[in-house]
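>
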Amino acid sequence: CNHYQLRFRVADSTASFVMDDVRLEKVAAPPNTLGLLDGGFLSNPDFVENHKYWKYATNSGYITEDEGRNVMVLGRDKLMRQEILDTAVPNKSYQMSFYAKFTGVASVDVKIILRMRFQNNDLVYGPCTSRVCNLYERPLRTKLRGAGTWHHVVADEFRMFGNYTEWDGSIDFIIFELVPLRLPTGAEFRVAKFEFTDDRTLAPSTSLSPSAPPTTLMVKNVGYIVKFAGEFRTVVHKPFQLEQTGEPIPMNRGYQLCEIDEVEGNKLNEFPSRMNFIYQQKCVPIMGGNPTVDVDPRYVNLSDLHILNVPVNASIVEINSEQTLGGDLLLLSDIEDEVCSTFPNPYDNDYRGADRYNPDEVPSRFKPDKPVFARLPDGSYALYDQRLILHENTLENPKMDGGGESVLRSTIRAAKGFVAHNQTGQNSGYHIINDKNIALCINEQPN
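Under the numbering used here, the first residue of the sequence shown carries the number 318, and numbering increases by one thereafter.
(1) How about F478 and L500: are their beta carbons less than 7 Å apart?
(2) Going along the chain, which residues of its own chain have a beta-carbon closer than 6 Å to the beta-carbon of C450, five neighbours each way excluded?
(3) Among the residues of its own chain, which have a CB less than 6 Å from the CB of Y541, if the five just before and after it don't count?
(4) So the alpha helix (DSSP H) Q561 belongs to, where does it begin and stop?
(5) Can you tell me whether M397 is buried or exposed? The criterion is at least 16 other CB atoms within 10 Å of its CB, across all chains shown.
(6) Pick helix, strand or coil for L457, following the three-state DSSP scheme.
(7) Measure the CB-CB distance between A417 and H368 and report whether it falls below 7 Å.
(8) Can you give me the C-alpha to C-alpha distance between R462 and T502, rounded to a whole angstrom?
(9) For P602, is the classification buried or exposed, using 16 other Cβ atoms within 10 angstroms of its Cβ as the cut-off for buried?
(10) May I ask you to list the residues that DSSP assigns as paired with V427?
(11) Tell whether a beta-carbon distance below 7 Å holds between A691 and L649.
(12) Find the nearest neighbour of S410 within the set D686, E454, K460, judged by alpha-carbon distance.
(13) Could you pull out every residue in the same chain whose Cβ sits closer than 6 Å to the Cβ of G357, ignoring the five residues on either side in sequence?
(14) Let me check understanding here. Comparing Cα to Cα, which of G547, V406, Y442 lies closest to N480?
(15) So the candidates are V427, C657, T466, L574; which of them puts its Cα closest to the Cα of Y596?
(16) Only counting the same chain, and skipping five residues up and downstream in sequence, which positions put a Cβ closer than 6 Å to that of R458?
(17) For the alpha helix (DSSP H) that Q640 lies in, which residues bound it at each end?
(18) Could you give the distance in angstroms between the alpha-carbon of D578 and the alpha-carbon of N408?
(19) Taking only three categories from DSSP, how would you classify V656?
(20) Which runs of the beta strand (DSSP E) fall wholly inside the segment 347 to 410 and span at least 3 residues, in chain order?
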């Protein structure tokens with residue numbers, strides 16, 4: 318084919334743009350066999366076509382050469398992922414193997430996960446009893462020992478989710494993921510040459526559409542300021558994209574959050590992209606999840622922000638790691654800095670307008686304080702969690718109520734302060750509201 322058509326869409330903009338470094342790649346093989354592994358569903362299984370067909374994102378690995386063959390290199394919090402909906406055969410049994418080598422750590426836990434998201438129309442006889450089914454196959458979870466040498470890893474045999482072409486509904490995607498778990502900083506996990514034990518079987522249908530979103534959205538000198546409640550939160554360097562389609566969404570407007578957790582980015586590999594916006598009247602996941610805190614001085618005036626420069630010798634520990642996977646830090650050192658006196662008082666924050674389940678909700682009163690950032694010794698930034706107030710409760714300085722007042726403040730909602738009273742038309746007593754900010758107390762200290 319000697320004729321090509323390039324299509325562009327610039328959302329909500331009349332700006333012009335310039336194209337640079339356009340490349341056309343000639344493919345000799347037929348489209349339905351390009352790079353497809355014999356007997357399997359993976360395209361480009363030995364990475365000879367570089368990153369093609371493997372999803373490229375901030376948490377993806379990179380391709381390099383090792384002993385004369387291309388390999389994918391994964392570091393801490395990195396994974397490899399491919400969309401396989403067009404190449405997988407329903408209800409077919411598969412068994413795969415691959416080669417792996419790691420450095421910088423004595424052993425590595427590694428897993429393979431296949432995830433299908435299915436829009437279910439049959440809540441009685443369908444694959445699940447919900448409108449949206451998240452189905453999983455886990456053919457591999459193993460520990461590899463012996464750094465610096467190649468391992469031949471063989472996964473368990475598994476079946477591709479059953480005959481899903483006969484289910485009542487539609488499939489959003491089927492994702493293949495390989496994840497090395499809890500790699501320390503500086504460690505590397507290298508993957509080479511996937512193989513399947515079965516004879517070659519072509520998929521029932523093929524598609525020429527790319528399986529990954531465009532990677533050219535990243536522009537070095539472009540930044541988007543992200544705000545919450547009107548206040549600066551972070552800078553991102555590419556537009557937000559829909560997880561399902563990769564479609565960029567306009568960045569010149571506000572969106573209502575409909576689902577979010579406090580895990581940074583895609584660290585939850587089995588449940589990625591857990592930041593959802595209301596977009597076109599639907600609650601949709603945003604690719605990449607909750608963005609990293611980035612106070613980039615090229616796009617934000619630092620003098621307009623509350624920033625604490627944490628000393629190099631300060632003691633900082635990670636807390637709550639099972640829930641936020643390294644996203645919560647606790648500063649143990651006392652900070653003597655005049656800037657602290659300029660920070661807002663966390664006691665007077667009022668979040669009630671944002672909680673429709675709160676009986677005292679007053680939308681006009683939702684006005685959280687201006688955020689406070691910490692510049693950590695390594696140059697990165699963290700956001701102060703104003704919902705957490707620490708009280709000393711030690712043998713030397715005990716808190717006489719054991720923290721009881723703080724527990725009541727975090728659980729009881731009443732029309733007048735935090736005092737229990739009678740509600741009209743309801744039974745008298747306390748209103749206990751689980752707002753996920755419940756105070757916890759430790760009322761003892763080891764000798």
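Where a beta carbon is used, it is the ideal one built from N, C-alpha and C, also for glycine.
In this text the structure is predicted, and so the values were computed from the model without any measurement.
Let me spell this out:
(1) Here residue 478 refers to the residue found at position 161 when the sequence shown is read from its first residue. Here residue 500 refers to the residue found at position 183 when the sequence shown is read from its first residue. Not a contact, by the Cβ cut-off of 7 Å.
(2) Here residue 450 refers to the residue found at position 133 of the sequence shown. For C450, where only same-chain residues beyond five positions count, the Cβ hits under 6 Å are F435, N437, P444.
(3) The residue you call residue 541 lines up with position 224 of the sequence shown. Correct list, in chain order: V553, M568.
(4) On the sequence shown, position 244 is the one that residue 561 refers to. Note, Q561: premise wrong, no alpha helix (DSSP H); not H, not E.
(5) As a first step, residue 397 must be located in the sequence shown, where it is residue number 80. Looking at its Cβ environment, which holds 16 or more other Cβ atoms inside 10 Å, M397 is buried.
(6) The count along the sequence shown starts at 1 and reaches residue 457 at position 140. Residue state for L457 is assigned as strand, using DSSP reduced to three classes.
(7) Mapped onto the sequence shown, residue 417 falls at position 100. Mapped onto the sequence shown, residue 368 falls at position 51. At the C-beta level, A417 and H368 stay beyond 7 Å of one another.
(8) For the purposes of this step, residue 462 is identified with residue 145 of the sequence shown, where counting begins at 1. For the purposes of this step, residue 502 is identified with residue 185 of the sequence shown, where counting begins at 1. C-alpha separation (whole angstroms): 18 Å.
(9) Along the sequence shown, read from residue 1 onward, the residue named residue 602 stands at position 285. Around the beta carbon of P602, 16 or more other beta carbons lie within 10 angstroms, which makes this residue buried.
(10) Sequence index remark: in the sequence shown, residue 427 carries index 110 (1-based). Per the DSSP secondary-structure output, V427 pairs in a beta bridge with T459, P497.
(11) Indexing the sequence shown from 1 puts residue 691 at position 374. Indexing the sequence shown from 1 puts residue 649 at position 332. Remark: C-beta atoms of A691 and L649 do not approach each other more closely than 7 Å.
(12) Numbered from its first residue, the sequence shown carries residue 410 at position 93. Nearest of D686, E454, K460 to S410, Cα basis: E454.
(13) Mapped onto the sequence shown, residue 357 falls at position 40. F513.
(14) Here residue 480 is taken as the residue at index 163 of the sequence shown, counted from 1. Selected option, being the one with the closest Cα: V406.
(15) Reading the sequence shown from its first residue, position 279 is the one you call residue 596. Nearest Cα to Y596 within the set V427, C657, T466, L574: L574.
(16) The residue you call residue 458 lines up with position 141 of the sequence shown. So the list reads K428, once near-sequence residues are dropped.
(17) Taking the sequence shown and counting its residues from 1, one reaches residue 640 at position 323. For Q640, the uninterrupted alpha helix (DSSP H) run begins and ends at 638 to 641, by DSSP.
(18) Here residue 578 corresponds to residue number 261 of the sequence shown, with the count starting at 1. Here residue 408 corresponds to residue number 91 of the sequence shown, with the count starting at 1. Those two C-alpha atoms are separated by around 34 Å.
(19) Residue 656 sits at position 339 when you count from the first residue of the sequence shown. V656 falls in the helix class under three-state DSSP.
(20) Taking only runs of at least 3 residues, the beta strand (DSSP E) segments lying wholly in the segment 347 to 410 are 379 to 383, 386 to 391, 397 to 400.
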